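Undergrad: Here you go, one structure.
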Amino acid sequence: MRLSPRITAASLALVVTTAVVVLDRREPLAPRPAHADEAGIVATPVIGDVPREGLVTPIERPGIFGLGISPSGSRYAMVGGYLVRIDLKSGKIVSILRRLPTMQH
-7 MRLSPRITAA SLALVVTTAV VVLDRREPLA PRPAHADEAG IVATPVIGDV PREGLVTPIE
53 RPGIFGLGIS PSGSRYAMVG GYLVRIDLKS GKIVSILRRL PTMQH
């Protein structure tokens, strides 16, 4: 049985793509903690970090950001230019929702 050139090409492409994905074992870039440097610039927040109090801006009206009421036990906030959800008890970042657009003056 002879395979058509299309089937052969598609099969080869699938094998190569699978091999590239499986063999790509590079370490992911390590996220930076949500702490300000000497200039006051905040790095990317990290899930599980507890950002310093001065770096957290609570979201009082989540609807402005297209969000509903925050899940029980957490609240939405801005940290380092990101919209995040913070656990009320521990203060840890539970999830990073998205990067917020920068304001142009």
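Residue 79 in the numbering used here is what sits at position 87 of the sequence shown, and the numbering runs on without skipping anything. No residue lacks a Cβ here, since even glycine has one placed at the ideal position from N, Cα and C. For clarity, every value in this text was computed on a predicted model and none was experimentally measured.
Which residue's Cα is closest to the Cα of Y74: S82, K81, P37, D41?
TA: Position 82 of the sequence shown, counted from the start, is the residue given in the question as residue 74. Residue P37 is the option with its Cα nearest to Y74.
Undergrad: Just to confirm the assignment, what range does the beta strand (DSSP E) spanning S87 have?
TA: For the purposes of this step, residue 87 is taken as the residue at position 95 of the sequence shown. Here the beta strand (DSSP E) through S87 covers 85 to 91.
Undergrad: Measure the alpha-carbon distance for I88 versus R77 and round it to whole angstroms.
TA: For this step, residue 88 is matched to residue 96 along the sequence shown. For this step, residue 77 is matched to residue 85 along the sequence shown. Approximately 7 Å between the Cα atoms of the pair.
Undergrad: On the three-state DSSP scale, how would you describe R67?
TA: For the purposes of this step, residue 67 is taken as the residue at position 75 of the sequence shown. Residue state, collapsed to three classes: strand.
Undergrad: Which partner residues does T49 have in the DSSP bridge list?
TA: Here residue 49 is taken as the residue at index 57 of the sequence shown, counted from 1. Answer is M70.
Undergrad: Comparing alpha-carbon positions, which option in K81, T49, G46, R44 lies nearest S64?
TA: Stepping through the sequence shown from its first residue, residue 64 is reached at position 72. The shortest Cα separation from S64 among K81, T49, G46, R44 belongs to K81.
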